[in-house]
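Numbering (this note's numbering), first residue to last: 5 to 137. Every residue gets a Cβ at the ideal spot worked out from N, C-alpha and C, and that includes glycine. Down below is the structure, laid out as structure tokens.
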């Protein structure tokens, strides 16, 4: 168990004259600077319940296309989310980062293959923290 389960908080990444942890980079730099909720489908801890990591380079010319692809793939995958017009049972990512996503039904409807009713019941799935191998 690396650092009592706090591997993401170990400061080991040097940028300029500062040292950062993976959590610092995600939550203190990337999220505030880019205000982009799709980041949660691209950068994660690789647990079983996390969106699958893309085996491709993120480059300026493919960034939006790949972020859309990852969002659509994760949201519509029944391994992670169950979506029907009247009820959704979704990943805890949407609960933990609710401020990033805004109105969750509106956000999901941007990518969901199923149109979700505005008054749909929203619940969250348990999160599996085991390694996604």
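- Under DSSP, residue 91 shares a beta bridge with 125.
- Taken atom to atom, the span from the alpha-carbon of residue 30 to that of residue 129 is near 23 Å.
- The distance from the Cβ of residue 108 to that of residue 98 is about 6 Å, consistent with a contact at the 8 Å cut-off.
- Scanning the segment 47-97 from its first residue to its last, the whole beta strand (DSSP E) runs of 3-plus residues come out as 91-94.
- Residue 82 counts as exposed, since fewer than 16 other beta carbons sit within 10 angstroms of its beta carbon.
- For residue 42, there is no enclosing beta strand (DSSP E), since its DSSP letter is neither H nor E.
- Bridge pairing for residue 24: 17 [DSSP].
- Annotated as distal: residue 80 and residue 95, with beta-carbon spacing of 8 Å or more.
- Residue 38 counts as exposed, since fewer than 16 other beta carbons sit within 10 angstroms of its beta carbon.
- Residue 121 and residue 92 have their C-alpha atoms some 10 Å from each other.
- Residue 112 sits in a helix when the DSSP states are folded into three classes.
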